[in-house]
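Residues in the sequence shown are numbered from 52 upward in steps of one, following my numbering.
Inspection log for the structure reproduced underneath, given as structure tokens.
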Amino acid sequence: MALIVQKFGGSSVANAERVRNVASRVVETMQAGNQVVVVVSAQGDTTDDLIEKANEINTNASKREMDMLLAAGEEISIALLAMAIEKIGASVISLTGWQAGFKTNAVPGNARIDRIDTERVQSELDKKNIVIVAGFQGLDKYDNITTLGRGGSDTSAVALAAALGADRCEIYTDVDGVYTADPRICPNAKKLDEITYDEMLELASLGANVLHNRSVEMAKKYNVRLEVKSSFEKVPGTIVKEVTNVEKMLIRGVTRDNDVARIAIIGLEDTPGIAFKVFSALAKYGINVDMILQSVGRNGTKDIAFTVTKECLQKTLEVLENLKDTLTYEEVTHRDDLSKVSIVGAGMTNNPGVAAKMFEALFDADINIHMISTSEIKVSTLINVANAEKAVRVIHDKFNI
52 MALIVQKFGG
62 SSVANAERVR
72 NVASRVVETM
82 QAGNQVVVVV
92 SAQGDTTDDL
102 IEKANEINTN
112 ASKREMDMLL
122 AAGEEISIAL
132 LAMAIEKIGA
142 SVISLTGWQA
152 GFKTNAVPGN
162 ARIDRIDTER
172 VQSELDKKNI
182 VIVAGFQGLD
192 KYDNITTLGR
202 GGSDTSAVAL
212 AAALGADRCE
222 IYTDVDGVYT
232 ADPRICPNAK
242 KLDEITYDEM
252 LELASLGANV
262 LHNRSVEMAK
272 KYNVRLEVKS
282 SFEKVPGTIV
292 KEVTNVEKML
302 IRGVTRDNDV
312 ARIAIIGLED
322 TPGIAFKVFS
332 ALAKYGINVD
342 MILQSVGRNG
352 TKDIAFTVTK
362 ECLQKTLEVL
372 ENLKDTLTYE
382 EVTHRDDLSK
392 VSIVGAGMTN
402 NPGVAAKMFE
412 ALFDADINIH
422 MISTSEIKVS
432 TLINVANAEK
442 AVRVIHDKFN
452 I
């Protein structure tokens, strides 16, 4: 008997028909002789609808009360799914995140899981119940409801699989696996049978919307075997694990991320510690910086350019404005009409010419590069957002993946 954790996203339970479809999939898994724990997201656009309702009342509501409100979305889903499974005739129970033992830190809106007390879930499994758990939520040490932020249900599922020692964690989405590129952009994109944690983490961080990067980090840390599968088609998915056969395909995927803003600080004083002052100030406000480019110092000054998410753009500009008393610079410029296009694949450092081939594809398509960032398994370029889809296609074709 295997213990399987299954996670179904909002699109998978968006309406009554889809809830019944998920119920059938879950019961089939149980009837095959497995113990089943299911983690569910809020239905369809429920979270956005709740945010809209909150804004009708108070556009500056506290994060605590927003968590109290948003947690209701997942609670609706788990109850409806449990009802659908009951109708089929299987034994089932639904649990909120805190009933399932999720303990988090006290950071409303973007909490991190500290631990999971699995006693209640294990007890229900011992009673032969299918256990439905609300994703995206937990309880802090002050007994406040917390939510886990973007991709929280993926993280809930992987964390629960790790805590229970599950045999595998299946992530069900509206696609049937991980592709070498977004099939909507590249019709010839290929589905991967398997991919490493590191490659999947890079793809998730660089704009692939199949899995959230926090869930992949946790899966790698606790060696949770993941499989990305379709909610609607009963076909094999993509397995995410530690070791895969990567010799046949160097480049595993091409991604684009349009949630990018570039900020340039022009004419900074070229003295030791300047970069530290800039980025430590941003870190204090929780602003994550991605690509960084520093020019060679000339005439006692230098320029530093970096990228942040569009959500963080305004706050970043405010922080830099407040640094005027401690920093000397000529001006700060910014752009948010950009996209980060990346290639990901293990072993790139041992294969010369990969980056050059990517740049050649962009040159042939007359696409200008604004910034470049590299690591052992990725090369990222910053380009105009108008060229993003074209860039993905020409790079994908260039590597023939």
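Glycine included, each C-beta is placed from N, C-alpha and C at the ideal position.
Once you ignore the five residues that flank residue i on each side, which residues in its own chain have a CB closer than 6 Å to its CB?
i    : result
H447 : A232, C237 and V305
G228 : K242, V279, G288 and T289
R166 : K154
V297 : Unreliable placement is indicated for V297, whose pLDDT of 49 sits below 50; the coordinate value is still reported in the next sentence. Once the five neighbours on either side are set aside, the close Cβ partners of V297 are A397.
I129 : V91, S145, I183 and A185
Y273 : A213
A112 : A105
V286 : D227
Check the C-beta distance from residue i over to residue j and give it rounded, since I have them as a contact under 8 Å.
i    : j    : result
G189 : W149 : 6 Å
I181 : A141 : 6 Å
D191 : A157 : 4 Å
T224 : V261 : 6 Å
V91  : G186 : 6 Å
T247 : E284 : With a Cβ gap of about 25 Å, T247 and E284 do not count as contacting.
K429 : V395 : 5 Å
V73  : L146 : 17 Å between Cβ atoms; not a contact.
G35  : T97  : With the chain covering 52 to 452 only, the question about residue 35 has no answer from this structure.
S281 : V226 : 6 Å
Is the beta carbon of residue i sitting closer than 8 Å to the one on residue j?
i    : j    : result
M134 : T206 : no
G318 : E381 : yes
D387 : K361 : yes
N264 : L252 : yes
I222 : K114 : no
L389 : I418 : no
R303 : E250 : yes
M117 : G84  : no
D177 : G152 : no
L54  : Q86  : yes
S89  : V77  : The sequence as given places Val at residue 89; Ser does not occur at that position. Yes. Within cutoff.
A162 : L120 : no
V436 : N309 : yes
M399 : E372 : no
Just tell me which of the options has its CA closest to the CA of residue i.
i    : options                   : result
L368 : D100, I164, V383 and I325 : V383
N438 : V392, K429 and I139       : V392
I196 : G160, A65, A213 and E107  : G160
I343 : R307, L54, M422 and M399  : M422
K353 : A315, T377 and D168       : A315
V209 : V56, A356, G200 and T377  : V56
Q33  : E103, A67, Q345 and L199  : With the chain running from 52 to 452 in the structure shown, residue 33 is simply not present.
D321 : R349, E284, I164 and Y193 : R349
D415 : L378, E221 and V445       : V445
N451 : I129, T98, M119 and L301  : L301
I26  : A83, I183 and Q82         : Nothing can be reported for residue 26: it is not among the residues displayed for the chain, which extend from 52 to 452.
C363 : S426, V329 and A312       : A312
A326 : S346, N309, D308 and D310 : S346
V359 : H385, L254, T379 and N109 : H385
T379 : Q365, I355 and M399       : I355
S256 : S431, E170, Q365 and E107 : S431
Q173 : N111, A212, A105 and V443 : A212
S75  : K104, I139, E427 and E107 : I139
F357 : A412, S424 and E411       : S424
Y230 : D99, C220 and L254        : L254
P234 : E170, R307 and I102       : R307
R201 : G216, D99 and E411        : D99
Considering only residues of the same chain and omitting the five flanking positions on each side of residue i, which have a CB-CB separation below 7 Å?
i    : result
L333 : V340, T367 and V370
K299 : With a pLDDT of only 48 at K299, under the threshold of 50, the placement of this residue in the model should not be trusted; the figure read from the coordinates follows. No residues qualify anywhere along the chain.
V143 : A133, I136, E137, N180, I181 and I183
Y193 : A157
V70  : V64, L131, L132 and A135
R219 : I55, R276 and E278
S62  : G95 and D225
Take residue i and list the residues in its own chain whose beta-carbon comes closer than 8 Å to its own, dropping the five residues that flank it on each side.
i    : result
L374 : K328, V329 and A332
T377 : K328
T80  : I55, Q57 and V87
G351 : E320 and D321
R171 : L146, Q150, A151 and G152
With a cut-off of 8 Å, does the C-beta of residue i fall near any C-beta of chain C?
i   : result
V70 : Included in the structure is just one protein chain, with no chain C present.
Touching or not, the stretch 329–341 and the stretch 403–412, by the rule of three or more beta carbon pairs under 8 Å? no
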